[in-house]
Amino acid sequence: VGHNAFQMWQSWFDTHTARAQFQQMHEEQHSPSWSKPYEGWLKINMDADFFENQGITTTACCVRNSHGEFQGAQTRKYNSRIPILEGEGVAMLD
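The sequence shown begins at 238 in my numbering and counts up one residue at a time.
(1) Which residues in the same chain have their Cβ closer than 7 Å to the Cβ of Thr252, if we skip the five residues on either side of it in sequence?
(2) With H, G and I counted as helix, E and B as strand and the rest as coil, what does DSSP make of Ile293?
(3) Does DSSP put Gly324 in a helix, a strand or coil?
(4) From the DSSP output, in three-state form, read off Gly277 for me.
(5) Roughly how far, in whole angstroms, is the beta-carbon of Ile319 from the beta-carbon of Val327, given that I think they are within contact range, below 8 Å?
(6) By alpha-carbon positions, which one of Phe243, Thr254, Arg301 ends up nearest to Gly277?
(7) DSSP three-state label for Gly305, please.
(8) Grab me the residues of Asn282's own chain with a C-beta within less than 6 Å of its C-beta, minus the 5 sequence neighbours each way, in chain order.
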C-alpha cells in the first residue's frame with residue numbers, strides 16, 4: 238500500500254512539475270502565495286487532475302499547520318474519467 242501511494246504521489250508530483258515548467262515557459266505566471274491559517278488551525282490544499290487518454294482521475298491534498306509545517310498528505314487514483322467539477326468535489330471529500 239505504501240509503495241503504491243508513493244508511486245501515485247510521484248506521478249502526481251511529476252505531472253504538476255512538468256505543467257508548472259510548461260506554464261512558466263509560455264506565459265507570465267501570477268501565482269498567489271500560500272498564506273498560513275489562523276493560529277491553531279490547519280490548512281488543506283487540494284487538487285484533482287484528469288488524464289483523459291488513460292481514463293484516470295487523481296486527487297491529492299496536503300495539510301499544513303499555522304506555522305507552515307507539513308502535517309500530512311493523501312493521494313487517490315480513480316480508474317474512471319470524472320467530470321472536472323465532480324473531480325474537484327471528490328478531492329474535497331477525500
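Glycine is no exception: its CB is placed at the ideal position from the N, C-alpha and C atoms.
So, from the listed chains and residues:
(1) Same-chain partners within the cutoff: Asp286.
(2) It is a strand residue.
(3) Correct three-state label for Gly324: helix.
(4) Coil.
(5) With 8 Å as the limit, Ile319 and Val327 qualify as a contact, their Cβ atoms being about 6 Å apart.
(6) Of Phe243, Thr254, Arg301, the residue nearest in Cα terms is Arg301.
(7) Coil at Gly305, not helix or strand.
(8) Non-local C-beta neighbours of Asn282 in its own chain, meaning closer than 6 Å and more than five positions away in sequence, comprise Cys299, ordered along the chain.
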